[in-house]
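For reference, the structure is listed below as structure tokens.
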Amino acid sequence: MNPFEATVVLGLDPFSGCAGGDVVFSPREIEKAYRRQARKHHPDKNGGGVSSSSGFQRLQTAKDVLLRRHEATPSTVAEAGAFATAALNPNSKCRIVAQPPRRTCIRQVLVYHWCDAAVTEAATTIVAASDDGLMILQDRPDGGDQTFLENHLFLCCAVHDSGSNLDQVGTTGGGGGGNAIAVAAYAGTNRGDMAEFDLTATTQEPSLWQHCKDGIVSMVAVRHHPSADVAICTGECAQLLKIVPRQQRQPNGDGRKRSVILWQSPKDLTSPEVLGVVHDQTVSSGSLLLWVGGADTKVCQTGRLTMWTVGMPELQEQNNEDSYSDDSVDTDGGTDTGNDNEPMRLPAVDIVVEEGSLFAMVRQDRRLAVAAGKSIVVWDCVYHQNSCGASTAVSCQHQKTLRTDNDLYTVTMNPNLLAAAGSGECILIWDMNSWFLTYNLMLWTVPKGCCLATNCIMSLDWGDERGRTLVCGGYDGCISLWTLAHRLTN
Numbered sequence: 001m002n003p004f005e006a007t008v009v010l011g012l013d014p015f016s017g018c019a020g021g022d023v024v025f026s027p028r029e030i031e032k033a034y035r036r037q038a039r040k041h042h043p044d045k046n047g048g049g050v051s052s053s054s055g056f057q058r059l060q061t062a063k064d065v066l067l068r069r070h071e072a073t074p075s076t077v078a079e080a081g082a083f084a085t086a087a088l089n090p091n092s093k094c095r096i097v098a099q100p101p102r103r104t105c106i107r108q109v110l111v112y113h114w115c116d117a118a119v120t121e122a123a124t125t126i127v128a129a130s131d132d133g134l135m136i137l138q139d140r141p142d143g144g145d146q147t148f149l150e151n152h153l154f155l156c157c158a159v160h161d162s163g164s165n166l167d168q169v170g171t172t173g174g175g176g177g178g179n180a181i182a183v184a185a186y187a188g189t190n191r192g193d194m195a196e197f198d199l200t201a202t203t204q205e206p207s208l209w210q211h212c213k214d215g216i217v218s219m220v221a222v223r224h225h226p227s228a229d230v231a232i233c234t235g236e237c238a239q240l241l242k243i244v245p246r247q248q249r250q251p252n253g254d255g256r257k258r259s260v261i262l263w264q265s266p267k268d269l270t271s272p273e274v275l276g277v278v279h280d281q282t283v284s285s286g287s288l289l290l291w292v293g294g295a296d297t298k299v300c301q302t303g304r305l306t307m308w309t310v311g312m313p314e315l316q317e318q319n320n321e322d323s324y325s326d327d328s329v330d331t332d333g334g335t336d337t338g339n340d341n342e343p344m345r346l347p348a349v350d351i352v353v354e355e356g357s358l359f360a361m362v363r364q365d366r367r368l369a370v371a372a373g374k375s376i377v378v379w380d381c382v383y384h385q386n387s388c389g390a391s392t393a394v395s396c397q398h399q400k401t402l403r404t405d406n407d408l409y410t411v412t413m414n415p416n417l418l419a420a421a422g423s424g425e426c427i428l429i430w431d432m433n434s435w436f437l438t439y440n441l442m443l444w445t446v447p448k449g450c451c452l453a454t455n456c457i458m459s460l461d462w463g464d465e466r467g468r469t470l471v472c473g474g475y476d477g478c479i480s481l482w483t484l485a486h487r488l489t490n
């Protein structure tokens with residue numbers, strides 16, 4: 001039971017004083033409310049009605065929830081007060097952006113902001129991977145809701161643009177040279193199929209559709225890099241891919257593109273579930289830093305976080321080889337493999353996460369956060385450089401561990417706030433300056449026919465860089481947009 005429910009059960013006004021600050025009831029007020037409600041459940045009332053033991057137990061639970069804050073330490077009191085205000089704050093609004101016609105599950109949502117020559121105002125695109133297909137929601141004057149590739153169970157998605165300035169469409173980055181797509185959406189299925197769509201085109205046909213060996217559980221776009229386009233996690237390893245056009249003389253050439261594996265991680269260190277990519281020219285001289293997280297294959301019920309450094313010489317060497325030629329042998333439908341005889345490499349960072357297997361990962365500046373079990377673990381990562389500007393080492397210092405009562409499946413960050421959600425019917429948002437819980441967005445309805453007791457939230461993403469809106473999706477099958485109430489900070 002949360003503080004909002006406790007105040008309602010005891011008959012207190014949950015919205016009194018919300019505009020002025022934290023709503024904190026004194027022990028005297030709580031005790032009076034408890035006795036007043038307890039008299040209503042007495043068997044002598046209402047013509048000798050039957051007493052309700054469950055009603056008394058619920059009242060006692062509500063009383064304990066509100067009294068617990070006054071018995072805690074000062075730091076816990078402050079955090080509990082923030083929790084209460086977040087739960088009671090009526091100004092955060094939720095709006096359903098899209099609701100599929102039939103029951104489904106939203107596995108991942110991504111928000112992408114872009115602008116082209118035809119649209120004078122910045123537009124927003126929401127890409128959602130679901131059990132019934134990939135949804136592309138165009139929030140722009142000349143576009144509407146669209147669904148691509150129905151009847152496919154997509155587990156993940158990513159958005160890639162060909163350059164940092166979209167006014168220079170097709171002139172920088174992107175695999176495939178002149179066939180580079182300005183803004184592309186990638187999606188992976190549980191069967192190992194990977195698709196690419198052009199978000200600037202009106203056609204619904206994918207420019208890439210091929211089958212990999214294992215199911216794709218996670219993917220991330222490698223933006224603004226000349227050699228790689230997308231990184232994926234399969235059930236065995238992480239891979240860096242480049243999207244290249246097929247040649248017409250290829251026997252199975254159908255005019256679409258194909259992907260080439262530039263690099264892959266060893267298969268015996270971790271069971272990959274989540275993936276993060278860092279590309280910073282000033283830090284690593286063009287090197288790609290791949291963060292891979294999942295379950296530790298050597299220790300049960302623990303997670304493992306590794307970071308791999310893939311230098312530009314390695315990627316350029318792959319680019320210069322004939323792996324892009326049509327004489328290459330594809331594996332299971334079209335993914336070219338790199339050199340399998342490379343010597344065993346070790347990760348630059350190898351961290352065992354005691355809190356549990358990793359389900360989600362997010363990076364913001366130097367901060368790196370993962371969702372592990374019922375906790376959020378945050379590190380401060382510092383990249384050390386030599387005199388030439390090349391990255392020589394990465395040191396990760398543990399910064400904070402946030403513990404909750406629910407299994408966490410998703411986490412997202414902006415410069416000021418960290419949001420997480422999972423099996424509980426709520427979204428928890430912390431202020432990363434004070435690490436106080438500042439928002440607790442409750443989901444009051446449980447979808448009918450849900451296979452779980454609660455409405456699991458599987459994915460979160462910030463709707464804007466300032467942290468005013470938050471997009472979520474999960475087992476209710478809806479894509480919801482939260483508008484957060486403005487909060488004053490000292």
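Residue numbers (UniProt numbering): 1 to 490.
The beta carbon of each residue, even a glycine, is placed where N, CA and C say it ideally should be.
Would you check if the region 93 to 103 and the region 155 to 162 touch, i.e. whether three or more CB-CB distances between them fall below 8 Å?
no
Tell me which residues share the same chain as residue 209 and place their Cβ nearer than 6 Å to its Cβ, disregarding the 5 neighbours each side in the sequence.
The count along the sequence shown starts at 1 and reaches residue 209 at position 209. Excluding sequence neighbours, residue 209 sits near 195.
Local Cβ density within 10 Å of residue 223, reported as buried at 16 or more and exposed below that
To locate residue 223, count along the sequence shown from 1; it is residue 223. Buried: at least 16 other Cβ atoms inside 10 Å.
In chain order, what residues of the same chain have a beta carbon less than 7 Å from the beta carbon of residue 67, not counting five sequence neighbours either side?
Locating residue 67 in the sequence shown gives position 67, counting from the first residue. Within the same chain, residue 67 has close Cβ partners 27 and 30.
Selection from 191, 134 and 406 that minimises the alpha carbon distance to residue 205:
The sequence position of residue 205 within the sequence shown is 205, counting from 1. The shortest Cα separation from residue 205 among 191, 134 and 406 belongs to 134.
Going by beta-carbon coordinates alone, are residue 418 and residue 374 separated by less than 8 Å?
Numbered from 1 along the sequence shown, position 418 holds the residue referred to as residue 418. Numbered from 1 along the sequence shown, position 374 holds the residue referred to as residue 374. No, these two residues do not count as a Cβ contact at 8 Å.
With distance defined between alpha-carbon atoms, name the residue in 485, 416, 457 and 464 nearest to residue 472.
As a position in the sequence shown, residue 472 is number 472, starting the count at 1. For the residues 485, 416, 457 and 464, the minimum Cα distance to residue 472 belongs to 457.
What are the residues that DSSP puts in a beta bridge with residue 480?
For the purposes of this step, residue 480 is identified with residue 480 of the sequence shown, where counting begins at 1. DSSP output for residue 480 lists 96 and 472 as bridge partner(s).
Cutting at 6 Å between CB atoms, please list the residues of its own chain near residue 164, excluding the five before and the five after it.
For the purposes of this step, residue 164 is taken as residue 164 along the sequence shown, with counting starting at 1. Here residue 164 scores only 39 on pLDDT, less than 50, and its place in the model should not be relied on; the value that follows carries that caveat. Closer than 6 Å at Cβ, skipping near neighbours: 224.
Can you list, in chain order, the residues of its chain with a C-beta nearer than 7 Å to that of residue 324? Leave out the 5 residues immediately preceding and following it.
Position 324 of the sequence shown, counted from the start, is the residue given in the question as residue 324. At residue 324 the pLDDT is 39, less than 50, meaning the model places this residue with poor confidence; the figure from the coordinates comes in the next sentence. For residue 324, where only same-chain residues beyond five positions count, the Cβ hits under 7 Å are 244 and 260.
Apart from the five residues just before and just after residue 432, which ones in its own chain have a Cβ nearer than 7 Å to its Cβ?
Along the sequence shown, one-based indexing puts residue 432 at 432. Same-chain partners within the cutoff: 416, 417 and 418.
Locate the beta strand (DSSP E) running through residue 304, then write down its first and last residues.
By 1-based counting over the sequence shown, the position of residue 304 is 304. Per DSSP, residue 304 belongs to the beta strand (DSSP E) from 303 to 310.
Since residue 61 sits in a beta bridge, which residues does DSSP pair it with?
Residue mapping note: residue 61 aligns to position 61 of the sequence shown, counting from 1. Note: residue 61 sits in no beta bridge, so no partner.
When DSSP labels each residue in this structure, what does residue 27 get in the three-state scheme?
Residue numbering aside, residue 27 sits at position 27 when the sequence shown is read from its first letter. Helix at residue 27.
Own chain residues within Cβ distance below 6 Å of residue 6, not counting five before or after
Translated into positions along the sequence shown, residue 6 becomes position 6. Taken in chain order, the residues that qualify are 62, 65 and 66.
For residue 360 versus residue 274, is the C-beta spacing smaller than 8 Å?
Taking the sequence shown and counting its residues from 1, one reaches residue 360 at position 360. Taking the sequence shown and counting its residues from 1, one reaches residue 274 at position 274. Yes, Cβ-Cβ distance for residue 360 and residue 274 is below 8 Å.
Taking DSSP's pairing of strands, which residues face residue 12 in a bridge?
Here the question's residue 12 lines up with position 12 in the sequence shown. None; residue 12 has no bridge partner.
Among 398, 346, 411 and 307, whose alpha-carbon lies nearest the alpha-carbon of residue 354?
Start at 1 with the first residue of the sequence shown, and residue 354 comes out as number 354. For residue 354, the nearest C-alpha among the options comes from 398.
In the structure shown, what three-state DSSP assignment does residue 436 receive?
For the purposes of this step, residue 436 is identified with residue 436 of the sequence shown, where counting begins at 1. Three-state result, residue 436: coil.
Should residue 1 go down as buried or exposed, given a rule of 16 or more other Cβ atoms within 10 Å for buried?
As a working mapping, residue 1 is identified with position 1 in the sequence shown. Classification for residue 1: exposed.
The beta strand (DSSP E) with residue 196 in it runs from where to where?
Numbered from 1 along the sequence shown, position 196 holds the residue referred to as residue 196. Element bounds for residue 196: 193 to 198.
Rounded to whole angstroms, what's the CA-CA distance from residue 233 to residue 436? Just pull it up for me.
In the sequence shown, residue 233 corresponds to position 233, counting from 1. In the sequence shown, residue 436 corresponds to position 436, counting from 1. Using only the alpha carbons, I get a separation of about 33 Å.
Need the endpoints of the beta strand (DSSP E) that residue 218 sits in, please.
Taking the sequence shown and counting its residues from 1, one reaches residue 218 at position 218. 216 to 221 is the span of the beta strand (DSSP E), which, as asked, contains residue 218.
Leaving out five residues before and five after residue 91 in sequence, what residues of the same chain have Cβ atoms less than 7 Å from its Cβ?
Here residue 91 refers to the residue found at position 91 when the sequence shown is read from its first residue. Excluding sequence neighbours, residue 91 sits near 485.
Just to confirm, are residue 365 and residue 111 a CB contact at a threshold of 8 Å?
Walking along the sequence shown from the start, residue 365 turns up at place 365. Walking along the sequence shown from the start, residue 111 turns up at place 111. Going by C-beta atoms, residue 365 is not nearer than 8 Å to residue 111.
Could you check which residue in 124, 103 and 107 has the C-alpha nearest to that of residue 113?
Along the sequence shown, one-based indexing puts residue 113 at 113. The shortest Cα separation from residue 113 among 124, 103 and 107 belongs to 124.
Could you spell out where the beta strand (DSSP E) holding residue 426 opens and where it closes?
Numbered from 1 along the sequence shown, position 426 holds the residue referred to as residue 426. From DSSP, the beta strand (DSSP E) with residue 426 extends over 426 to 431.
How far does the beta strand (DSSP E) with residue 259 in it reach, from first residue to last?
On the sequence shown, position 259 is the one that residue 259 refers to. Unbroken beta strand (DSSP E) run through residue 259: 257 to 264.
What whole-angstrom Cβ distance do residue 404 and residue 428 have, given they're in contact under 8 Å?
Working through the sequence shown from its first residue, we reach residue 404 at position 404. Working through the sequence shown from its first residue, we reach residue 428 at position 428. Indeed they touch by this definition, with Cβ atoms about 6 Å apart.
Roughly how many angstroms separate the alpha carbons of residue 150 and residue 309, rounded to a whole number?
In the sequence shown, the residue the question calls residue 150 occupies position 150. In the sequence shown, the residue the question calls residue 309 occupies position 309. Their backbone Cα atoms lie some 37 Å apart in a straight line.
Give the C-beta separation of residue 477 and residue 105 to the nearest angstrom, bearing in mind that I take them to be a contact with Cβ-Cβ under 8 Å.
To locate residue 477, count along the sequence shown from 1; it is residue 477. To locate residue 105, count along the sequence shown from 1; it is residue 105. Going by Cβ atoms, the distance from residue 477 to residue 105 rounds to 6 Å, so yes, they are a contact pair.
To which residues of the same chain is residue 108 closer than 6 Å at the C-beta, ignoring the five residues directly before and after it?
As a position in the sequence shown, residue 108 is number 108, starting the count at 1. Excluding positions up to five away in sequence, the list reads 129, 156, 157 and 459.
Test item: CB-CB of residue 186 and residue 230 under 8 Å:
As a first step, residue 186 is located in the sequence shown; it is residue number 186 there, counting from the start. As a first step, residue 230 is located in the sequence shown; it is residue number 230 there, counting from the start. For residue 186 and residue 230, yes; Cβs fall inside 8 Å.
From residue 295 to residue 372, what does the alpha carbon distance come to, in whole angstroms?
Numbered from its first residue, the sequence shown carries residue 295 at position 295. Numbered from its first residue, the sequence shown carries residue 372 at position 372. Approximately 10 Å between the Cα atoms of the pair.
Is the distance from the Cβ of residue 272 to the Cβ of residue 300 below 8 Å?
Position 272 of the sequence shown, counted from the first residue, corresponds to residue 272. Position 300 of the sequence shown, counted from the first residue, corresponds to residue 300. The answer is no: Cβ separation not under 8 Å.
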